[in-house]
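Taking it in order: structure first as structure tokens, then the write-up.
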Amino acid sequence: MKQTLIACLLFIAAGAAQGKQIVWEQPTTEFSTSYGDGFFNLALDITKVELKKNETLVYVTVSQRSDFDSFWFQFASGSYLKADGKQYAITSADGIQLDTHQRTGPDGTSDVVLHFEPLPLSTKSFDFSEGDFDGAWTITGIKPVEERWRQLLPSYWRDAEGDWKIAFLEDQAIYDCRFWRYKKLDINQKTGEAEMLLTDGTDDLKVV
Numbered sequence: 143m144k145q146t147l148i149a150c151l152l153f154i155a156a157g158a159a160q161g162k163q164i165v166w167e168q169p170t171t172e173f174s175t176s177y178g179d180g181f182f183n184l185a186l187d188i189t190k191v192e193l194k195k196n197e198t199l200v201y202v203t204v205s206q207r208s209d210f211d212s213f214w215f216q217f218a219s220g221s222y223l224k225a226d227g228k229q230y231a232i233t234s235a236d237g238i239q240l241d242t243h244q245r246t247g248p249d250g251t252s253d254v255v256l257h258f259e260p261l262p263l264s265t266k267s268f269d270f271s272e273g274d275f276d277g278a279w280t281i282t283g284i285k286p287v288e289e290r291w292r293q294l295l296p297s298y299w300r301d302a303e304g305d306w307k308i309a310f311l312e313d314q315a316i317y318d319c320r321f322w323r324y325k326k327l328d329i330n331q332k333t334g335e336a337e338m339l340l341t342d343g344t345d346d347l348k349v350v
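Each number in my numbering comes from the position in the sequence shown (counting from 1) with 142 added on.
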């Protein structure tokens, strides 16, 4: 009985350790360079990031943006992520062989998963670079939508005449000479748009 209990506890602990991960769906970015010849023949969209204890996964959709049939793309084996001044090297890739050029699929897109050394689970933002060479693809300011939304606070809105209208602070809003708390906040993971419901304890105020 005792051995069975110990085995169960070890199984639960192992499952909890494996399940320790953070997922960013449709993360936002601040800046990205053009790939190759600089004519935007290709677009890279980061669709998901998984922060795990043993690795970090970056999901990328590669989209052809021109009818130039012979355009190729690749990911270099020197690619890395950078967070808080530290680099995390690429370890492998799914959907493409590193340092090997290939074309997008018949529909003009290819889905690739890049595996990197693990970022800290507490990471809030990081950069991607294909390497330190001319023409390397770089994407900076990769972060979850929630972090981008927090950067909007505090913010102040004015009307068409420029008069102060509403202020959004980190823990409350000020409108119509009253303090309002955030009752509900919905963020569209795909578009980054937000819908808020404020309350002062008596009235509710919807902000879209």
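Even for Gly, the Cβ is constructed at its ideal location relative to N, Cα and C.
Local conformation of residue i per DSSP, three classes
{"i": "E288", "result": "helix"}
{"i": "E167", "result": "strand"}
{"i": "G178", "result": "Residue placement at G178 is poorly supported in this model, since its pLDDT is 43, which falls under 50; the coordinates still yield a value, given next. Of the three classes helix, strand and coil, the one that applies to G178 here is coil, per DSSP."}
{"i": "G283", "result": "strand"}
{"i": "E272", "result": "coil"}
{"i": "D328", "result": "strand"}
{"i": "T341", "result": "strand"}
{"i": "L347", "result": "strand"}
{"i": "K266", "result": "coil"}
{"i": "A278", "result": "coil"}
{"i": "K162", "result": "coil"}
{"i": "A336", "result": "strand"}
Residue from the options whose Cα sits closest to the Cα of residue i
{"i": "F215", "options": "K190, S267, S252, D226", "result": "S252"}
{"i": "D345", "options": "N196, R323, D187", "result": "R323"}
{"i": "K162", "options": "M338, P260, A231", "result": "P260"}
{"i": "L254", "options": "T198, I164, V204", "result": "Inspection of the sequence shows that residue 254 is occupied by Val rather than by Leu. For the residues T198, I164, V204, the minimum Cα distance to V254 belongs to V204."}
{"i": "L240", "options": "H257, E167, T265", "result": "H257"}
{"i": "D249", "options": "K266, A235, T233, Q206", "result": "Q206"}
{"i": "F310", "options": "L193, V349, W279", "result": "V349"}
{"i": "S264", "options": "V202, E288, L193", "result": "L193"}
Spatial neighbours of residue i in its chain, beta-carbon cut-off 6 Å, leaving aside the 5 residues before and after
{"i": "F321", "result": "Q314"}
{"i": "K326", "result": "L339"}
{"i": "D236", "result": "V255"}
{"i": "T280", "result": "T175, S271"}
Close-in-space but distant-in-sequence residues of the same chain around residue i (CB under 7 Å, 5 per side omitted)
{"i": "G273", "result": "A218, G220, S221"}
{"i": "K224", "result": "F268, D269, S271"}
{"i": "E172", "result": "T282, G283"}
{"i": "L166", "result": "This sequence places Trp at residue 166; Leu is not what is there. Correct list, in chain order: K190, V191, P286."}
Close-in-space but distant-in-sequence residues of the same chain around residue i (CB under 8 Å, 5 per side omitted)
{"i": "T233", "result": "E197, H257, F258, E259"}
{"i": "Q244", "result": "W214, F215, Q216, I238, S252"}
Query - Length at least 3, wholly inside the region 182-255: the beta strand (DSSP E) runs in chain order - result: 184-194, 198-206, 222-225, 228-236
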